[in-house]
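Shown next, in structure tokens, is the structure this report addresses.
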Amino acid sequence: MNVFTNVVLPIALAVIMLGMGMSLRLNDFTRILLYPIPTIIGLICQLILLPVTAFLLIFQTGIDPTLKVGVMILAFCPGGASSNLITYLARGDAALSITLTAFSSLITVFSAPILINLSLQHFMSETQAIQLPLIQTITRIALMTVLPVSIGMFLFAKFPHWTQKVEGPVKILSGIFLIIAVLGALAPERENLSGYFQQVGLLMLLLNLLTLGIGYGISRLARLNTHQATTIAIEGGIQNGTMAILIAGTILKQQPMTIPAAVYSLIMFATCAVIIYVASKKLPPKQAYSASE
Numbered sequence: 138m139n140v141f142t143n144v145v146l147p148i149a150l151a152v153i154m155l156g157m158g159m160s161l162r163l164n165d166f167t168r169i170l171l172y173p174i175p176t177i178i179g180l181i182c183q184l185i186l187l188p189v190t191a192f193l194l195i196f197q198t199g200i201d202p203t204l205k206v207g208v209m210i211l212a213f214c215p216g217g218a219s220s221n222l223i224t225y226l227a228r229g230d231a232a233l234s235i236t237l238t239a240f241s242s243l244i245t246v247f248s249a250p251i252l253i254n255l256s257l258q259h260f261m262s263e264t265q266a267i268q269l270p271l272i273q274t275i276t277r278i279a280l281m282t283v284l285p286v287s288i289g290m291f292l293f294a295k296f297p298h299w300t301q302k303v304e305g306p307v308k309i310l311s312g313i314f315l316i317i318a319v320l321g322a323l324a325p326e327r328e329n330l331s332g333y334f335q336q337v338g339l340l341m342l343l344l345n346l347l348t349l350g351i352g353y354g355i356s357r358l359a360r361l362n363t364h365q366a367t368t369i370a371i372e373g374g375i376q377n378g379t380m381a382i383l384i385a386g387t388i389l390k391q392q393p394m395t396i397p398a399a400v401y402s403l404i405m406f407a408t409c410a411v412i413i414y415v416a417s418k419k420l421p422p423k424q425a426y427s428a429s430e
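Following the working numbering, the numbering of the sequence shown begins with 138 at its first residue and continues without gaps.
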């Protein structure tokens, strides 16, 4: 397990973020100034409403406090890199998706360690006190997220034709690494999996469906178009499970805390497959995807 948590998992997250960096452009960070409303709504859904929903779901439940913290770690790590591909397949607004992923990933580097420590203080008893070293954690997450994203953006700027050729294979490799992360998190707890699924399986399904529904509903109330609403729903429903597993299993060294993220990752891809199928039937194909629409 040490090899997985200390070597494989950090490499997996770095590769996933490198692939995301190859799809980012500098104007993805300036688009919020040009088209602020969809971006702001998406970030509110990801960074505020998602953690609040997760907290309300688990607050009065009788599940183990360790699992409760695991749920909150997942909720504080929004913006999975896979959301961009799923948005494209679901005929959403790809430009908006990339913008939301970029901003949420950047903010999470600093917000997640602080909020996770608050969750640890709230849910864990004094005898079980665990704490993230803030500066060390922020630095470590930055090295495995911001640095590879920056390298990916640099590679595109210098070698655009080469990065366009390898971007597809890197995305596939990112998906493979995510599967490895999920299986690696589940394997050590295989004897307890049945019990864990009974405890958090329904909660994770509810969290996924609620975040998808809240994102879509608020977007439509704000009069965003269907493509934008679909994007915000997906961005809210796809969490960075790899980062959550890394924080819980590698930094905190609390293997049971990885279970909610692993279970959620399995569920979110199942529900997104349904979204892609429905969208392919209901939404018209678009030649270009733009947050300006």
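Just so you know, even glycine gets a beta-carbon here, dropped at the ideal spot from N, CA and C. Bear in mind that the values here come from a model prediction, so they are computed numbers and not experimental data.
Contact annotation, residue 242 with residue 216: C-beta distance approximately 5 angstroms; criterion of less than 8 angstroms satisfied.
Within 10 angstroms of the beta-carbon of residue 175 lie 16 or more other beta-carbons, which makes it buried. Apart from the 5 residues on each side of it in sequence, residue 154 sits with its Cβ closer than 6 angstroms to the Cβ of 282, 285 and 286 in its chain, given in chain order.
A distance below 8 angstroms between beta-carbons, with the five flanking residues on each side excluded, links residue 190 to the following residues of its chain, in chain order: 212, 344, 347, 348 and 351.
The C-beta distance from residue 395 to residue 382 rounds to 5 angstroms, short enough to fall under 8 angstroms. Rounded to the nearest whole angstrom, the CA to CA distance from residue 182 to residue 317 is 28 angstroms. Look at the stretch 278-302 and you find these whole runs of alpha helix (DSSP H), each 4 residues long or longer: 283-295. DSSP, reduced to helix, strand and coil, places residue 376 within a strand of the structure shown. By the beta-carbon neighbour count (other beta carbons within 10 angstroms, threshold 16), residue 337 is buried. A distance below 6 angstroms between beta-carbons, with the five flanking residues on each side excluded, links residue 401 to the following residues of its chain, in chain order: 211 and 341.
Within the same chain, 229 and 230 come within 6 angstroms of residue 364 by CB-CB distance, once the 5 residues on both sides are set aside. Rounded to whole angstroms, the Cβ separation of residue 308 and residue 156 is 5 angstroms, and the two are in contact under 8 angstroms. Within the stretch 151-228, complete alpha helix (DSSP H) segments of at least 4 residues are found at 164-171, 173-181, 187-195, 202-212 and 219-226, given in chain order.
When 304, 150, 397 and 274 are compared, the shortest CA-CA separation from residue 202 is found for 397. Non-local beta-carbon contacts of residue 180 in its own chain, meaning distances under 7 angstroms to residues more than five positions away in sequence, involve 237, 240 and 241 in chain order.
Residue 379 and residue 209 have their C-alpha atoms spaced approximately 14 angstroms apart. The C-beta distance from residue 371 to residue 269 rounds to 29 angstroms, too long to fall under 8 angstroms, and the pair is not in contact.
With a cutoff of 8 angstroms on beta-carbon distance, residue 161 and residue 244 are scored as not near each other.
Under the DSSP assignment, residue 258 falls in the alpha helix (DSSP H) whose first and last residues are 231-260.
Between the alpha carbons of residue 409 and residue 223 lies a distance of about 7 angstroms.
At the C-beta level, residue 404 and residue 227 stay beyond 8 angstroms of one another.
Nearest in C-alpha terms to residue 377, of all of 205, 166 and 184, is 184.
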